[in-house]
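**Q**
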């Protein structure tokens, strides 16, 4: 997780709602990992082929894409099991998440 902008946090919270949701999912057994900003930039610096990530119900289905659309999620494979780092453009920046392989 990056450095939290305390001015944008809900009163009484020291973490974003996305961070709290990720922690909750982890406690409930989801294979989700919260990474530091340093680790994120290490992964982002890897020379890996982006893939378009298409939502298919609860699972994400990736397909190769040489020119991904800005409106769609972009996935970067991070291991040989099918886990994907997903970057989603938003109006305020980019949401980043990791979908772990099942």
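Numbering (our numbering), first residue to last: 159 to 260. The beta-carbon is built from N, C-alpha and C at its ideal position, and this holds for glycine as well.
When DSSP labels each residue in this structure, what does residue 170 get in the three-state scheme?
**A** Residue 170: coil per DSSP, three-state reduction.
**Q** How about residue 245 and residue 252: do their beta carbons lie closer than 8 angstroms?
**A** Yes, the pair counts as a contact, with Cβ atoms nearer than the cut-off.
**Q** So within the segment 175 to 204, which uninterrupted alpha helix (DSSP H) runs reach at least 4 residues, ignoring any that extend past its ends?
**A** Listed in chain order, they are 175 to 185, 195 to 202.
**Q** Using C-beta distances below 6 angstroms, list every residue in its chain close to residue 240, excluding the 5 sequence neighbours before and after it, in chain order.
**A** Same-chain partners within the cutoff: 259.
**Q** By a C-beta neighbour count over all protein chains shown, 10 Å radius and 16 as the cutoff for buried, is residue 231 buried or exposed?
**A** Flag for residue 231 reads buried.
**Q** Check the DSSP bridge columns for residue 253 and list the partner residues they point to.
**A** DSSP, once it has assigned bridges, lists 246 as partnering residue 253.
**Q** Please go through the same chain and pick out, in chain order, the residues whose beta-carbon is closer than 8 angstroms to the beta-carbon of residue 175, but skip the five residues on each side of it.
**A** Within the same chain, residue 175 has close Cβ partners 168.
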